[in-house]
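Novice:
Residue numbers (our numbering): 63 to 203.
#1: Give the secondary structure of residue 201 by DSSP, where H, G and I count as helix, E and B as strand, and everything else as coil.
#2: Just curious, the alpha helix (DSSP H) that residue 105 is in, first and last residue?
#3: What does DSSP give as the partner residues of residue 146 in its beta bridges?
#4: Do residue 93 and residue 166 have their C-beta atoms within less than 8 angstroms of each other?
#5: Tell me whether the beta-carbon of residue 148 lies closer than 8 angstroms to the beta-carbon of residue 133.
#6: Per DSSP, residue 192 is paired with what?
#7: Rounded to the nearest angstrom, how far is the Cβ of residue 196 from that of residue 129, given a contact under 8 angstroms?
#8: Identify whether residue 128 lies in helix, strand or coil by the three-state DSSP scheme.
#9: Is residue 173 helix, strand or coil when you go by DSSP?
#10: Skipping 5 residues on each side, what residues in its chain have a beta carbon closer than 8 angstroms to that of residue 66?
#11: Across which residues does DSSP place residue 90 in a beta bridge pair?
#12: Using the C-alpha atoms, what's the distance from residue 80 back to residue 95?
#13: Mind checking which residues open and close the alpha helix (DSSP H) that includes residue 183?
#14: How many angstroms separate the CA atom of residue 69 from the CA atom of residue 158?
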């Protein structure tokens with residue numbers, strides 16, 4: 063089986079209560095809001111679009127890039143689907159918006175989670191690892 067490589071972007075969105083947006087994907091996994099970068103789109107623009115689609119957040123303020131990491135997509139069984147390897151760019155954003163209203167039917171649930179509980183909820187080990195590694199870069203901002 064050949065592995066398709068794709069570029070994705072998303073973000074850590076933190077509110078004034080030190081909560082971070084986490085989204086449910088296809089009812090079988092939890093992640094930070096993110097998705098594929100469209101042709102002609104830069105990673106930051108894609109991250110903003112994906113955050114809106116998956117959470118409904120329009121009050122979004124860019125803070126800084128947090129880096130990128132690679133991982134396989136999550137299959138319907140919740141395990142790695144090695145047919146697609148993602149390079150995921152993650153950015154830090156702030157928002158004062160309270161109400162979350164996902165626009166994407168494939169990602170129907172979004173919720174604010176205390177920043178120190180997010181890693182426990184994230185499904186993919188690579189998502190957890192990246193989140194915990196970058197936490198020190200932004201938690202005191």
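Just so it is clear, CB atoms sit at the ideal spot from N, CA and C, and this is done for glycine as well.
Specialist: In this structure, then:
#1: In this structure, residue 201 counts as coil in the three-state DSSP scheme.
#2: Residue 105 -> alpha helix (DSSP H) spans 105–117.
#3: By DSSP's assignment, residue 146 forms a beta bridge with 66.
#4: Using a Cβ distance threshold of 8 angstroms, residue 93 and residue 166 do not count as a contacting pair.
#5: Contact: yes.
#6: Residue 192 is not bridged to any residue.
#7: Yes, residue 196 and residue 129 are in contact; Cβ-Cβ is about 6 angstroms, under 8 angstroms.
#8: Per DSSP, reduced to three states, the secondary structure at residue 128 is strand.
#9: Strand.
#10: The beta carbon of residue 66 sits closer than 8 angstroms to the beta carbons of 145, 146, 147 from its chain, once the five residues preceding and following it are set aside; these are given in chain order.
#11: DSSP lists no beta-bridge partner residue for residue 90.
#12: Going by the C-alpha atoms only, they are around 17 angstroms apart.
#13: Membership of residue 183 in the alpha helix (DSSP H) is indicated by the continuous run 180–183.
#14: A direct Cα-Cα distance of roughly 28 angstroms separates residue 69 from residue 158.
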